[in-house]
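Numbered continuously in numbering that gives the first Met the number 0, the sequence shown closes out at residue 172.
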Amino acid sequence: MTEQQLEEYFTGIATDLKDIGHTPDAPAFYRIKDAMDLDEFDDAVRNMTAGVCLLLETGESNIGSYDSQTDRLRIGLHVLKHTTEDFDDINAARDFAKAALLKIVSRIRLDCKGKFERTNGQDGPLRQLATVFSTDGKLSNMTAIDGNWYGKSMYFDFAVPLDITYNTEDWNA
Numbered sequence: 000m001t002e003q004q005l006e007e008y009f010t011g012i013a014t015d016l017k018d019i020g021h022t023p024d025a026p027a028f029y030r031i032k033d034a035m036d037l038d039e040f041d042d043a044v045r046n047m048t049a050g051v052c053l054l055l056e057t058g059e060s061n062i063g064s065y066d067s068q069t070d071r072l073r074i075g076l077h078v079l080k081h082t083t084e085d086f087d088d089i090n091a092a093r094d095f096a097k098a099a100l101l102k103i104v105s106r107i108r109l110d111c112k113g114k115f116e117r118t119n120g121q122d123g124p125l126r127q128l129a130t131v132f133s134t135d136g137k138l139s140n141m142t143a144i145d146g147n148w149y150g151k152s153m154y155f156d157f158a159v160p161l162d163i164t165y166n167t168e169d170w171n172a
């Protein structure tokens with residue numbers, strides 16, 4: 000699975016999920032390019048015209064063991080809501096974000112199912128890429144991004160087959 004495929008998939012999630020409602024005219028989705036650059040999170044939400052957004056963080060991966068040749072992609076999703084600094088509003092924003100993340104998890108699970116498990120009779124888009132998704136993830140609070148954005152983040156893994164077959168045509172000697 001490529002970085003571009005991940006971005007396209009989660010752009011579709013942000014567009015299709017009514018809670019996020021991303022459109023080109025009213026952006027509510029952003030792909031974090033460097034998770035170590037905390038200013039990028041602030042800059043991302045400054046460009047949102049809606050009061051809610053989905054941020055995608057990708058990059059880390061692990062190659063599976065010899066008998067399990069998979070690429071385990073680490074993915075972070077962050078749902079943030081613009082709110083006041085009132086504690087009740089912050090709690091409501093976090094509750095909203097958790098509910099939205101759980102909806103996204105349910106969609107990812109559906110998109111990993113095969114044609115016999117889906118009502119449209121077609122393999123899901125993640126199944127077509129042979130993606131395995133574990134719902135084992137950790138939800139964490141996000142606090143005061145650019146001052147008034149609060150929500151939740153969730154990190155999880157996609158496992159995708161990896162071809163690490165030696166090919167002599169790739170080598171000069």
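C-beta atoms are modelled at their ideal positions from N, C-alpha and C, and glycine is treated no differently.
Neighbour-count burial assignment, residue i, 16 or more Cβ in a 10 Å radius
i    : result
D110 : buried
S152 : buried
I163 : exposed
T82  : buried
Y29  : buried
A172 : exposed
F86  : exposed
L37  : exposed
F115 : exposed
A99  : buried
Identified DSSP bridge partners for residue i
i    : result
A158 : R71 and V131
C52  : L79
S152 : H77 and S139
R30  : L55
I107 : According to DSSP, I107 bridges with nothing at all.
I89  : Answer by DSSP bridge pairing: none, since I89 is not bridged.
I144 : W148
Neighbourhood of residue i by C-beta, 6 Å cutoff - its chain only, sequence neighbours within 5 removed
i    : result
P23  : none
L125 : D110 and C111
Bounding residues of the alpha helix (DSSP H) (the contiguous stretch that carries residue i)
i   : result
T10 : E2 to D15
F40 : L37 to R45
Close beta carbons around residue i, own chain, < 7 Å, minus the five adjacent residues each side
i    : result
I103 : I12, L16 and L76
I89  : T82 and Y149
P174 : What the structure shows of the chain is the stretch from 0 to 172, and residue 174 is not part of that stretch, so it cannot be assessed.
V44  : C52, L79, I144, D145 and W148
E2   : T57
R106 : I12
D33  : E39
Distance cut-off 7 Å: residue i Cβ against heavy atoms of the ligand MG
i   : result
A27 : The ligand MG is not part of this structure, which contains no ligands at all.
Residues near residue i in its chain [Cβ-Cβ closer than 8 Å; skip 5 each side]
i    : result
F95  : D18, V51, V78, K80 and G150
M0   : D70, L72, L128, T130, F157 and V159
R117 : L109 and G123
S133 : F155, D156 and A158
Test: residue i CB closer than 8 Å to a CB of chain C
i   : result
L55 : This model lacks chain C altogether, as it is built from one protein chain only.
Three-pair Cβ contact test at 8 Å for the region 9-24 versus the region 41-57: Touching, yes.
Should the region 133-141 be regarded as contacting the region 43-51, the criterion being three or more beta carbon pairs within less than 8 Å? The region 133-141, when compared against the region 43-51, does not touch it at the 8 Å Cβ threshold.
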